[in-house]
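Chemist: Can you keep this structure in mind? I'll have questions shortly.
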């Protein structure tokens, strides 16, 4: 069997970069401006090379507590929320200023874990991220700590970055940390621990290297990075743990600095389609005409004009089955409209949607990115 080589960061098309609070903010001196400027230069180089970049940045509470003069080591919940409210403004500003020096537009996006799990909110957030990336902006994402109290107590941005990667169909997630990557044992406890540059698959042995199961109260550590790697690789993305304490941390990785890569067995597209076709429970059925069936097999989206009948009680974002006029299953997909609205626009042109519904929704009733062909239809699509 041929040896598996480590990837190159420059080959990925959509990259999520997670920045920890301690990398960005010094408790005594505040924002690490030189470090952020260097990282912004690295990001700009990836952006100029054609990659879409998303940043998941901690630091709001750390910045806000400095502004408010909250010096005690552990903040009360209300104090942490207040610090986040002040710090979110500062965090957005410093990222916007740093990226603007490279003529890049930054956008602030505040999420909770619920936004990545509840279907309707997930679709809204996903659409926003894809629109921003389409305009070549860089979303700077943080947990909405002012309202998401659970995340302040239990959350960590490693797993949030992995979930954002899946939401955005990223093919790479980078976790900038204070260590080089994964070791065979925690190096602080075992001086004989060996560095692990490549993880083709996450096994029980790999999990054991991280030091055992994470505590329920844990907000970081290697175990949460392993959990993030599970999420990222299941979504079709490779994941990288790299030392972010140096200037130009991404450039260092591309120049050969050691880091740990976790590989994925699939791509974001195939992982998403597998999730749609094999995991989600269908909530309804759309019957499509012959023209729509042919278009679907050719990799097109489903437009309202091609729908002849709508069955079931489903909500926007639910999985539905698409059937041909003879009853054969063609595909499964995530529908962009509630059942009642789908019934009203079925058979109509996309340009009529706003007049019929009173609002301007998607022109597709199911977008091709949210659709997985079934059985024979998939084979026909491959032949085509």
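In our numbering, the protein residues as written are 457 to 840. Even glycine gets a Cβ: it sits at the ideal position worked out from N, Cα and C.
Here's a check: name, in chain order, each residue in its chain whose Cβ is nearer than 6 Å to the Cβ of residue 496, leaving out the five neighbours to either side.
Modeler: Position 40 of the chain shown holds residue 496. Cβ neighbours of residue 496 beyond the five flanking positions: 554, 555.
Chemist: Please state whether DSSP places residue 494 in a helix, a strand or coil.
Modeler: As a first step, residue 494 must be located in the chain shown, where it is residue number 38. Helix.
Chemist: What number of angstroms, rounded off, separates the C-alpha of residue 492 from the C-alpha of residue 544?
Modeler: For the purposes of this step, residue 492 is identified with residue 36 of the chain shown, where counting begins at 1. For the purposes of this step, residue 544 is identified with residue 88 of the chain shown, where counting begins at 1. Looking at the two C-alpha atoms, the distance is approximately 16 Å.
Chemist: Given that a residue counts as buried once 16 or more other Cβ atoms are within 10 Å of its Cβ, and exposed if not, what is residue 590?
Modeler: Locating residue 590 in the chain shown gives position 134, where the first residue counts as 1. Residue 590 comes out exposed.
Chemist: Are residue 787 and residue 757 closer than 7 Å when you measure CB to CB?
Modeler: The residue given as residue 787 occupies position 331 in the chain shown. The residue given as residue 757 occupies position 301 in the chain shown. In this structure, residue 757 does not lie closer than 7 Å to residue 787 by Cβ.
Chemist: Mind listing, in chain order, the continuous beta strand (DSSP E) runs of no fewer than 3 residues lying wholly within the segment 573 to 633?
Modeler: As far as the segment 573 to 633 is concerned, its whole beta strand (DSSP E) runs of at least 3 residues are 594 to 599, 628 to 633.
Chemist: Counting only the same chain and skipping the five closest in sequence on each side, list residues whose C-beta sits under 8 Å from that of residue 732.
Modeler: As a position in the chain shown, residue 732 is number 276, starting the count at 1. Excluding sequence neighbours, residue 732 sits near 775, 788, 789, 790, 826, 827, 828.
Chemist: Within the continuous beta strand (DSSP E) that includes residue 562, where are the two ends?
Modeler: As a working note, residue 562 is residue 106 in the chain shown. Where residue 562 is concerned, the enclosing beta strand (DSSP E) stretches over 562 to 567.
Chemist: Report the three-state DSSP secondary structure of residue 782 (helix, strand or coil).
Modeler: Taking the first residue of the chain shown as 1, we reach residue 782 at position 326. Three-state DSSP puts residue 782 in coil, outside helix and strand.
Chemist: Do residue 633 and residue 697 have their CB atoms nearer than 7 Å?
Modeler: Your numbering for residue 633 matches position 177 in the chain shown. Your numbering for residue 697 matches position 241 in the chain shown. Contact flag set, yes.
Chemist: Out of curiosity, what's the CA-to-CA distance linking residue 564 and residue 683?
Modeler: As a first step, residue 564 is located in the chain shown; it is residue number 108 there, counting from the start. As a first step, residue 683 is located in the chain shown; it is residue number 227 there, counting from the start. Spanning the two alpha carbons is a distance of roughly 25 Å.
Chemist: What distance in whole Å lies between the Cβ atoms of residue 614 and residue 680, which are believed to be in contact at a cut-off of 8 Å?
Modeler: Within the chain shown, residue 680 is the residue found at index 224, counting from 1. Within the chain shown, residue 614 is the residue found at index 158, counting from 1. With 8 Å as the limit, residue 680 and residue 614 qualify as a contact, their Cβ atoms being about 5 Å apart.
Chemist: What's the C-alpha gap between residue 458 and residue 701?
Modeler: In the chain shown, residue 458 corresponds to position 2, counting from 1. In the chain shown, residue 701 corresponds to position 245, counting from 1. Note that residue 458 scores 46 on pLDDT, short of 50, meaning its location in the model is unreliable; the coordinates nonetheless yield the value given after this. If you take the alpha carbons of residue 458 and residue 701, they lie about 34 Å apart.
Chemist: Apart from the five residues on each side of it in sequence, which residues of its chain come closer than 7 Å, Cβ to Cβ, to residue 777?
Modeler: As a first step, residue 777 must be located in the chain shown, where it is residue number 321. Excluding sequence neighbours, residue 777 sits near 738, 741, 785, 788.
Chemist: Name the DSSP beta bridge partners of residue 695, please?
Modeler: In the chain shown, counting from the first residue as 1, residue 695 sits at position 239. DSSP lists 629, 718 as partners of residue 695.
Chemist: With H, G and I counted as helix, E and B as strand and the rest as coil, what does DSSP make of residue 484?
Modeler: Numbered from 1 along the chain shown, position 28 holds the residue referred to as residue 484. Correct three-state label for residue 484: coil.
Chemist: Just verifying my parser: in three-state terms, what is the DSSP assignment at residue 728?
Modeler: Counting from one through the chain shown, the residue named residue 728 turns up at place 272. Three-state result, residue 728: helix.
Chemist: I'd like the list of long-range same chain contacts for residue 636, defined as Cβ closer than 7 Å, with 5 residues on each side in sequence excluded.
Modeler: Start at 1 with the first residue of the chain shown, and residue 636 comes out as number 180. Here the set comprises 651, 699, 714, 715.
Chemist: Within this structure, are the beta carbons of residue 795 and residue 769 separated by less than 7 Å?
Modeler: Here residue 795 corresponds to residue number 339 of the chain shown, with the count starting at 1. Here residue 769 corresponds to residue number 313 of the chain shown, with the count starting at 1. Their beta carbons are under 7 Å apart, which means residue 795 touches residue 769 by this criterion.
Chemist: What are the boundary residues of the alpha helix (DSSP H) that includes residue 689?
Modeler: Reading the chain shown from its first residue, position 233 is the one you call residue 689. 677 to 690 is the span of the alpha helix (DSSP H), which, as asked, contains residue 689.
Chemist: For residue 720, count neighbouring Cβ atoms within 10 angstroms of its own Cβ and tell me buried if that reaches 16, exposed if not.
Modeler: Along the chain shown, read from residue 1 onward, the residue named residue 720 stands at position 264. Label assigned to residue 720: buried.
Chemist: Suppose contacts are defined by Cβ-Cβ distances below 7 Å. Is residue 619 in contact with residue 773 by that definition?
Modeler: Translated into the one-based positions of the chain shown, residue 619 becomes position 163. Translated into the one-based positions of the chain shown, residue 773 becomes position 317. The answer is no: Cβ separation not under 7 Å.
Chemist: Alpha carbon to alpha carbon, how far is residue 574 from residue 753? Give it in angstroms, no decimals.
Modeler: Residue mapping note: residue 753 aligns to position 297 of the chain shown, counting from 1. Residue mapping note: residue 574 aligns to position 118 of the chain shown, counting from 1. Their backbone Cα atoms lie some 30 Å apart in a straight line.
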